[in-house]
Amino acid sequence: MIKNISNLGDAAIYCDFGTEVNKKINFEVIKYFKAIKEKDIKGVINLTPSYNKLIVSYDLRVTSFKEIKDKIENLEVNEIQEIATKKLEVPVCCDALYSLDMERLEKKLNLSKEKILENFFNKEYFCYMTGFIAGMPFLGDLEENMRAQRLETPRIKVPKGSVGLTEQFANIYTFESPGGWNIIGNTPLNVFDSSKENDPNLINPGDLVTFKQITLDKYKNYNE
Amino acid sequence: MNNNYFEILRAGINTTFQDKGRNHLFHIGIPFSGAMDNRNFYLANKLVGNKLDSPIIEFAYQGPLLKFYGDKISIAITGDVIFKLKKKDIEIEGKCYESYQLEHGDKIDILSTNKSVYGYLAISGKFDVKFQWGSCSINTKAKIGSNEGKKLANGQKINISRIKLNQDKKKINYLNSRIENIRVIKAPNFNYFSEESKKDFFEKKFTVSKLSDRMGMRLEGLKIENIVNTNIKSEGLLKGVIQVPADGNPIIMLSDHGTIGGYPKIGVVASVDYDRLVQITPGSKIKFKEIELSDAETLFKLYEMETQNLISQI
């Protein structure tokens, strides 16, 4: 359920589902996201679901805060049992060439490189949301002992394919971008393809992801 | 065969195709993009008799130098822009908000924007551009849109797929107003900041940093002190949202912003001030003024009526 509805500026509704991050709350967010999308409310131009918030932005020339708020409050939300999801495996090379923040992470977490990789690869991750940059998946949840803060000073350029960790999440930089996550490896997989307009993202909210470690040789020959 | 085109003799600093932008894609991480200054985008199209949301060339600071090849075409430039038209024997000082006819071999030299950032060039016809998700808007970070998502470059050709026959001279008297006071609505994390910083935010001036682009406008000056947490759980962003990272320097999200972010939001720029906000040049001082939602809605309606009124005068 939405705990509170307020405005974010004069052209968006801010739906707050709580402060915690867990699959149950995220599932509620996705349910509302799907319901509002299907309803196709006049004037709504974007929906941004995240861990525990949903932002509905609208064209102020067509509608207003009051109108959209009323519609969301009176929305019938279908009880969906499960989100259609898929499982996929993402190959990652953790050679020193790509694990840009491994040393920093070993110190931050007080774990050896071997232990960090073991923890990271022996897990199934849940995709909570996609965004920041096109197609970037936010995957959780890392165990308590694997949680580190963002870099103090973000990088101006994080290479395409970089796999990063921050707090309880892992993500993948779908293209070169500024960013502050702790980079532990790189995937040769193309996670965002703008030529596929109907389905540009390889990973979508609700999907289950595992990472598989590959050698530098395999990485280099992956797309050949 | 395409016989109508511009040759780019000088591309300018940040020259891109833009239009109304892309909707319904935030959930997969694709920003809105589109023309930064909407009023000037519409006016340029109207001055050449196009549909208001037709693709257009947007430039920042220094614009392009273009040589035209083909049949007669009418063009218009909007914003606060210094430009020249170079015809066979004469050179004309161009005026914004007035259409001009170009003939084969003529050049447009867009020297610079004047104490503003963005300007627009429209043609009476259609640029031959690629659409992605219903928009030609170039997003250079995601490499999305026409021209393979890249800025226009020296030596390139800009193909024109169709030229309108009706090219009546059109003009309007319009002067861009500049603002220093930006009206802002408080955002959900307003109380993350100290009492003093909340006061300072609406009382002190900030300087627009050089590190500003289509993604965001970075501000410098007084540091805004966070007393709760310098990170939030990442959530959606919108143009106009003002985030404050750990270093205390506010960043205003602009049209190519990341779709989600993890810094606390202190406020959101009222829609009425967005077109003028994006035109503020680095080094300028700005001040935020608090405004309530209902006033922001009314002011935007008035601004929109004014825009429609200008359009109808052309």
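Residue numbers (the working numbering), protein chains in the order written: chain A, 1 to 224; chain B, 1001 to 1314.
Glycine included, every Cβ here is placed at the ideal spot set by N, Cα and C.
These numbers come from a predicted model, not from an experiment.
- Task: Write down every uninterrupted run of the beta strand (DSSP E) in the stretch 1097-1173 of chain B whose length is 3 residues or greater and which is fully enclosed by it, in chain order.
- Result: 1099-1102, 1107-1113, 1118-1123, 1125-1127, 1157-1163
- For residue 166 (chain A): DSSP bridge partner residues: Residue 166 (chain A) is bridged to A:169.
- Query: With 8 Å set as the bound, which would you pick, yes or no: does the beta-carbon of residue 1293 (chain B) sit closer than that to a beta-carbon of chain A?
  - Reply: yes
- Task: Can you tell me which of the three DSSP states residue 112 (chain A) falls into?
- Result: coil
- Decide if residue 10 (chain A) is buried, meaning its Cβ has at least 16 other Cβ atoms within 10 Å, or exposed. buried
- Own chain residues within Cβ distance below 7 Å of residue 69 (chain A), not counting five before or after: 5, 13
- Query: Taking only beta-carbon atoms, is residue 1141 (chain B) less than 8 Å away from chain A?
  - Reply: yes
- Does the beta carbon of residue 1251 (chain B) sit closer than 8 Å to a beta carbon anywhere in chain A? no
- Message: Would you say residue 1212 (chain B) lies against chain A (beta-carbon separation less than 8 Å)?
- Response: Not closer than 8 Å to any Cβ of chain A, the Cβ of residue 1212 (chain B) fails to qualify, so no.
- Give the straight-line distance between the Cα atoms of residue 1274 (chain B) and residue 104 (chain A), rounded to the nearest whole angstrom. 41 Å
- Query: Taking 8 Å as the CB-CB cut-off, is residue 1268 (chain B) touching chain A?
  - Reply: yes
- Query: Quick one: does residue 197 (chain A) have its CB under 8 Å from some CB of chain B?
  - Reply: Residue 197 (chain A) counts as touching chain B.
- Message: Please report the straight-line C-alpha distance between residue 1227 (chain B) and residue 1191 (chain B), rounded to a whole angstrom.
- Response: 9 Å
- Please name the residue or residues paired with residue 1267 (chain B) in a DSSP beta bridge. B:1186, B:1242
- Message: For the ligand GDP, is there any heavy atom lying closer than 7 Å to the beta carbon of residue 1253 (chain B)?
- Response: In the structure shown, the ligand GDP is absent, as is every other ligand, since no ligand is present at all.
- With DSSP as the reference, label residue 1311 (chain B) as helix, strand or coil. Helix, per DSSP.
- For residue 7 (chain A), which residues of its own chain have a beta-carbon under 6 Å away from its beta-carbon, when the five flanking residues on both sides are left out? 65
- Segments of 3+ residues assigned as beta strand (DSSP E) that fall wholly inside the stretch 151-224 of chain A: With a minimum length of 3 residues, the continuous beta strand (DSSP E) runs that stay inside the stretch 151-224 of chain A are 155-158, 162-166, 169-172, 177-179, 182-186, 208-214.
- Query: What's the gap between the Cα of residue 1199 (chain B) and the Cα of residue 1312 (chain B)?
  - Reply: 42 Å
- Query: DSSP on residue 1009 (chain B), reduced to helix/strand/coil?
  - Reply: strand
- Query: Since residue 1026 (chain B) is in the beta strand (DSSP E), which residue starts that stretch and which ends it?
  - Reply: Run containing residue 1026 (chain B): none; DSSP gives neither H nor E here.
- Query: Excluding the five sequence neighbours on either side, which residues of its own chain have a C-beta within less than 6 Å of the C-beta of residue 1242 (chain B), listed in chain order?
  - Reply: 1250, 1252, 1266, 1267
- Item | For residue 58 (chain A), the residue or residues it bridges with in DSSP | A:44
- Proximity to residue 1035 (chain B) [Cα-Cα], best of B:1022, B:1193, B:1114, B:1125: B:1022
- Query: Taking 8 Å as the CB-CB limit, is residue 1023 (chain B) close to chain A?
  - Reply: yes
- Less than 8 Å separating the beta-carbons of residue 1055 (chain B) and residue 1012 (chain B)? no
- Item | residue 38 (chain A) (DSSP reduced to helix, strand or coil) | Reduced to three states, the DSSP call for residue 38 (chain A) is helix.
- Given a limit of 9 Å on CB to CB distance, which residues of the stretch 14-36 of chain A reach chain B? 14, 16, 19, 20, 21, 33
- Determine whether the Cβ of residue 1028 (chain B) lies closer than 8 Å to any Cβ atom of chain A. yes
- Query: Closer than 8 Å, CB to CB, is residue 1225 (chain B) near chain A or not?
  - Reply: no
- Query: List, in order along the chain, the chain B residues whose C-beta lies closer than 7 Å to that of residue 53 (chain A)?
  - Reply: Correct list: 1235, 1236.
- Query: Should residue 222 (chain A) go down as buried or exposed, given a rule of 16 or more other Cβ atoms within 10 Å for buried?
  - Reply: exposed
- Message: Whole angstroms are fine: how far does the CA of residue 1147 (chain B) sit from the CA of residue 1121 (chain B)?
- Response: 17 Å
- Item | residue 149 (chain A) versus A:164, A:213, A:139, A:36, residue with shortest Cα-Cα distance | Of the candidates A:164, A:213, A:139, A:36, A:164 places its Cα closest to the Cα of residue 149 (chain A).
- Do residue 1282 (chain B) and residue 1209 (chain B) have their C-beta atoms within less than 8 Å of each other? Judged by beta-carbon spacing, residue 1209 (chain B) lies within the 8 Å limit of residue 1282 (chain B), meaning their Cβ atoms are closer than that value.
- Task: Taking a Cβ distance cut-off of 9 Å, strictly less, list which residues of the stretch 1111-1133 of chain B are near chain A, in chain order.
- Result: 1132, 1133
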